[in-house]
Amino acid sequence: MRILPVFRGALLCFYVSLVFGAAFCYADDSTVEVVGIGECADCAQSNMKTVHAFSGLKVTIDCKPENGEFKTRGVGELDEEGKFKVSLPNDVVKDGKLKEECYAQLHSASAAPCPAHNGLESSKIVFKSKTDEKHTFGLAGQLKFSPVTCTSAFLWPHPPITKPLPLPTWKLPPFKDFHHPYLFPPKVFPPLPPKVFPPIHKKPLPPHVPIYKPKPKPKPPIFKPPPVPIYKPKPKPPIFKPLPPPIPIYKPLPPPVPIYKPLPPIPKIPPFHKKPCPPLPKLPPYPKLPPKYFHHPKFGKWLPLPPHSPIH
């Protein structure tokens, strides 16, 4: 049987399409998901509903390969209960484990990253379970945040309300005065009398029902067992060692007593008589000097002093 070239080409195309279809059927259809829960730290204190705090918040899964920088692998949103689910690519998982260190990062409604409330370890991605080619990962803790630092869509500032345009003012033309008096004078009504409301009598409240609290039951006495005596062994008698003989103390001998011999007698020297000196000669009389006066260079000559008179 001979096959025509046209049918041969069609058969070849059919085989190629069949091979591609089988390859797609046996492809890796495993899915990788990260699930977690967000928690508002101070919503109860600020009297704010958690539904409003979770609105518009997003979660990104950032992974860091070895010797590399962080890359965003998936993005998800928080629902009304604070739960989120993020899908990751299949090449991140190998043998049921993550090939990279991944962390969950919370973002506000304006896409600004929110600070981690419990540190970086609570937002680390860890393995949870594996069922039917589905790898499920979760967080080591909960994503805690504060609505003050992580603004939701409910607290996002709204655009300012613009004032409406002013309406055009229409001026009526002036009416002519025909100088006619009014037909009827204006009526003056007397003031209305003040309203008198009947007094409201409140019914007295019934007396409070006394609440009798039962007396506390006496606690049963607790009898502690007597302490177990502790028998200590008797001490051994002391062993007295013989004292060593005393060390002799050798005192130095006293110095010998000196022997004093009497000195020889001192010889007496005879007295020496000196001749008297001759008398001194009398000096000649000293001549009297005339008084000398020194004149002052500025005030001129001074008067001569009176002669010296001895004091009697």
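Heads up: the sequence shown is residues -27 to -1, 1 to 285, going by mature numbering (1 follows the signal peptide of the UniProt record, and there is no 0). Cβ atoms here follow ideal geometry from the backbone N, Cα and C, with glycine treated the same way. All values derive from a computational prediction rather than experimental measurement.
8 Å Cβ cutoff met for residue i and residue j
i    : j   : result
V59  : E6  : yes
K31  : V8  : no
L61  : Y76 : no
K117 : A26 : no
Q78  : P86 : yes
F110 : S28 : no
T33  : H80 : yes
I98  : L71 : yes
Chain B contact for residue i (CB, 8 Å cutoff)
i    : result
K107 : Structure shown: chain B not included; a single protein chain is present.
For residue j and residue i, the rounded distance between their alpha carbons
i     : j    : result
A(-5) : K67  : Unreliable positioning characterises A(-5) in this predicted model, as indicated by a pLDDT of 42, which lies under 50. A coordinate reading is not provided.
K160  : W143 : 32 Å
F(-8) : D64  : Low per-residue confidence applies at F(-8): pLDDT is 46, beneath 50, and the placement is therefore not dependable enough to give any value.
P191  : P200 : 26 Å
H268  : P260 : 25 Å
H108  : G69  : 7 Å
H246  : P237 : 28 Å
G114  : T122 : 20 Å
I195  : P187 : 23 Å
K185  : S96  : Correcting the residue identity first, residue 185 is Tyr in this sequence and not Lys. Near 53 Å, if we compare the C-alpha coordinates of S96 and Y185.
K274  : Y266 : 9 Å
P171  : F162 : 27 Å
K56   : L140 : 51 Å
P225  : P243 : 53 Å
P251  : K241 : 31 Å
I203  : P211 : 24 Å
P198  : K209 : 33 Å
Spatially closest choice to residue i from the options, by CA coordinates
i    : options              : result
S125 : P218, C87, I195, A82 : A82
task: Could you tell me whether the stretch 101 to 108 touches the stretch 37 to 52, where touching means 3 or more Cβ pairs closer than 8 Å?
output: No, because fewer than three Cβ pairs between the stretch 101 to 108 and the stretch 37 to 52 fall closer than 8 Å, the two stretches do not touch.
- prompt: When the Cβ atoms of the stretch 34 to 44 are set against those of the stretch 12 to 22, are three or more pairs found closer than 8 Å?
  reply: No contact exists between the stretch 34 to 44 and the stretch 12 to 22.
task: Could you tell me which uninterrupted beta strand (DSSP E) segments, each at least 3 residues in length, are contained entirely in the stretch 48 to 123, listed from first to last along the chain?
output: Counting only runs of 3 or more, we get 56 to 61, 74 to 80, 98 to 103, 107 to 112, 116 to 118.
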